[in-house]
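2 protein chains.
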Amino acid sequence: MRNAARVFRALADPTRRQILEELKRKELAAGEIGARFAISAPSISRHLAILKAADLVSERRAANRILYRLEPDTLIESLNGYLSAVCPTQVRQRRAITARRV
Amino acid sequence: MRNAARVFRALADPTRRQILEELKRKELAAGEIGARFAISAPSISRHLAILKAADLVSERRAANRILYRLEPDTLIESLNGYLSAVCPTQVRQRRAITARRV
DNA sequence: GACGAGTTTAGCGAATTAGCTAAATACTCA
DNA sequence: TGAGTATTTAGCTAATTCGCTAAACTCGTC
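Structural data, given as structure tokens:
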């Protein structure tokens, strides 16, 4: 994965990991995400920019607001890619299935 | 996973991710690991301590040297645990197999 | 017990990061 | 166009991180 470094860097922060969890059900506006945390809007905005740079989320404007959406493929491919590189035997079965599914 | 924060923090550094890859085949002494990188022995030692604190490696003394061994279960469970939390539908099949295997 | 090899600990400096507030930008609606 | 809402950008500070060198520790051997 060419972007794996950015992905792992992005996942190092607990707030960012939780943001991705918040987005798992549906896309949310930056403000809606921020409301779930005790930190300022600019800080949330910065976290979202880092997640976007890692292709872990995408954004689209909807009128006034900017909606963020999880990009599960980046997460799955990055983490699975590294798992496969480090623990090839343990994840062999898993990869076979992923390949079939895609 | 109680330790997931430490695991993700540990994986944020490219040197540490590569150390785990070096360890995938067999356990290695700190010096053998260091020889594969262009950084000083103390820096490698520090990286190994961080990996050990995250339970991603274990160590045992062998005479003069300290051998480090990959702990694949921690890596697999941490990454898969987070994947399952964020992308439950996409990793459903995968988890079923892991459960059967364990 | 002293030496040598292997490794870690201490302590420092430069760079990065995560938080904040204030100000700027983007868009909608009257 | 002017006001209001949503979000980002700029600029700052405090804390963390990663690298280094020097010194200490551990173990086996003489």
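Chains as they are written, first to last, in this note's numbering: chain A, 1 to 102; chain B, 1001 to 1102. Heads up, the beta-carbon is just placed ideally off N, CA and C, and yes, glycines get one too.
Original post:
At a Cβ threshold of 8 angstroms, is A/Gln90 touching chain B?
Top reply: Counting from 1 along the first sequence, the entry for residue 90 of chain A is found at position 90. Yes - at least one Cβ of chain B is within 8 angstroms of the one on A/Gln90.
**OP:** Provide the residue(s) that pair with A/Ser58 in DSSP beta bridges, ordered along the chain.
**Re:** On the first sequence, residue 58 of chain A is found 58 positions in, with the first residue counted as 1. According to DSSP, which records beta bridges pairwise, A/Ser58 is partnered with A/Arg69.
Subject >> Distance, A/Tyr82 Cα to B/Arg1065 Cα >> reply: Working through the second sequence from its first residue, we reach residue 1065 of chain B at position 65. Working through the first sequence from its first residue, we reach residue 82 of chain A at position 82. The straight-line gap from Cα to Cα measures roughly 29 angstroms.
**OP:** With a floor of 3 residues, list each beta strand (DSSP E) that falls wholly inside the region 4-60 of chain A, ordered by position along the chain.
**Re:** Those beta strand (DSSP E) runs which fall completely within the region 4-60 of chain A and span 3+ residues do not exist here.
Original post:
Listing by chain order, which chain B residues have their CB less than 9 angstroms from the CB of A/Ala54?
Top reply: Within the first sequence, the letter at position 54 stands for residue 54 of chain A. Correct list: empty, because the minimum Cβ distance to chain B is about 12 angstroms.
**OP:** Name, going along the chain, the residues of the region 68-91 of chain A whose beta-carbon falls closer than 9 angstroms to a beta-carbon of chain B.
**Re:** Leu70, Pro72, Asp73, Leu75, Ile76, Leu79, Asn80, Tyr82, Leu83, Ala85, Val86, Cys87, Pro88, Thr89, Gln90, Val91
Original post:
Looking only at its own chain, which residues have a Cβ that is under 8 angstroms from the Cβ of A/Gly31, when we skip the five neighbours before and after it?
Top reply: In the first sequence, the residue the question calls residue 31 of chain A occupies position 31. Ala41, Arg65, listed in sequence order.
**OP:** Whole angstroms is fine: what's the gap from A/Arg100's alpha carbon to B/Arg1061's?
**Re:** Translated into positions along the first sequence, residue 100 of chain A becomes position 100. Translated into positions along the second sequence, residue 1061 of chain B becomes position 61. Unreliable placement is indicated for A/Arg100, whose pLDDT of 48 sits below 50; the coordinate value is still reported in the next sentence. Using only the alpha carbons, I get a separation of about 44 angstroms.
Subject >> Alpha-carbon spacing of A/Arg95 relative to A/Glu77, whole angstroms >> reply: Translated into positions along the first sequence, residue 95 of chain A becomes position 95. Translated into positions along the first sequence, residue 77 of chain A becomes position 77. Confidence in A/Arg95 is poor, its pLDDT being 49 and thus under 50, which makes the residue's placement too unreliable to answer from.
**OP:** Step through the CB atoms of chain B and report whether any lies within less than 8 angstroms of the CB of A/Arg25.
**Re:** Walking along the first sequence from the start, residue 25 of chain A turns up at place 25. In terms of beta-carbon proximity, A/Arg25 stays away from the interface with chain B, with every pair separated by 8 angstroms or more.
**OP:** Look at the alpha carbon of B/Asp1073 and the alpha carbon of A/Gln90, and state the distance between them as a whole number of angstroms.
**Re:** Within the second sequence, the letter at position 73 stands for residue 1073 of chain B. Within the first sequence, the letter at position 90 stands for residue 90 of chain A. Taking the straight line from one Cα to the other gives about 9 angstroms.
**OP:** Check the C-beta distance from B/Leu1023 over to B/Val1057 and give it rounded, since I have them as a contact under 8 angstroms.
**Re:** For the purposes of this step, residue 1023 of chain B is identified with residue 23 of the second sequence, where counting begins at 1. For the purposes of this step, residue 1057 of chain B is identified with residue 57 of the second sequence, where counting begins at 1. Yes, B/Leu1023 and B/Val1057 are in contact; Cβ-Cβ is about 7 angstroms, under 8 angstroms.
**OP:** Look at the alpha carbon of A/Arg50 and the alpha carbon of A/Arg69, and state the distance between them as a whole number of angstroms.
**Re:** On the first sequence, position 50 is the one that residue 50 of chain A refers to. On the first sequence, position 69 is the one that residue 69 of chain A refers to. A quick correction: the sequence has Ile, not Arg, at residue 50 of chain A. Taking the straight line from one Cα to the other gives about 14 angstroms.
**OP:** Would you verify that the beta carbon of A/Phe8 is, or is not, closer than 8 angstroms to some beta carbon of chain B?
**Re:** Locating residue 8 of chain A in the first sequence gives position 8, counting from the first residue. A/Phe8 counts as touching chain B.
**OP:** State the DSSP-derived secondary structure class of B/Glu1091, mapped to helix, strand or coil.
**Re:** Residue numbering aside, residue 1091 of chain B sits at position 91 when the second sequence is read from its first letter. A quick correction: the sequence has Val, not Glu, at residue 1091 of chain B. The answer is coil: DSSP assigns B/Val1091 none of H, G, I, E or B.
Subject >> Alpha-carbon spacing of B/Ile1044 relative to B/Gly1034, whole angstroms >> reply: As a position in the second sequence, residue 1044 of chain B is number 44, starting the count at 1. As a position in the second sequence, residue 1034 of chain B is number 34, starting the count at 1. When rounded, the distance between both Cα atoms is 6 angstroms.
Original post:
Is any beta-carbon of chain B found at less than 8 angstroms from that of A/Ala5?
Top reply: For the purposes of this step, residue 5 of chain A is taken as the residue at position 5 of the first sequence. Cβ-Cβ to chain B under 8 angstroms: yes for A/Ala5.
**OP:** Taking only beta-carbon positions, decide if B/Pro1042 is within less than 8 angstroms of chain A.
**Re:** Residue 1042 of chain B sits at position 42 when you count from the first residue of the second sequence. Taking Cβ atoms only, chain A never reaches closer than 8 angstroms to B/Pro1042, which makes this a no.
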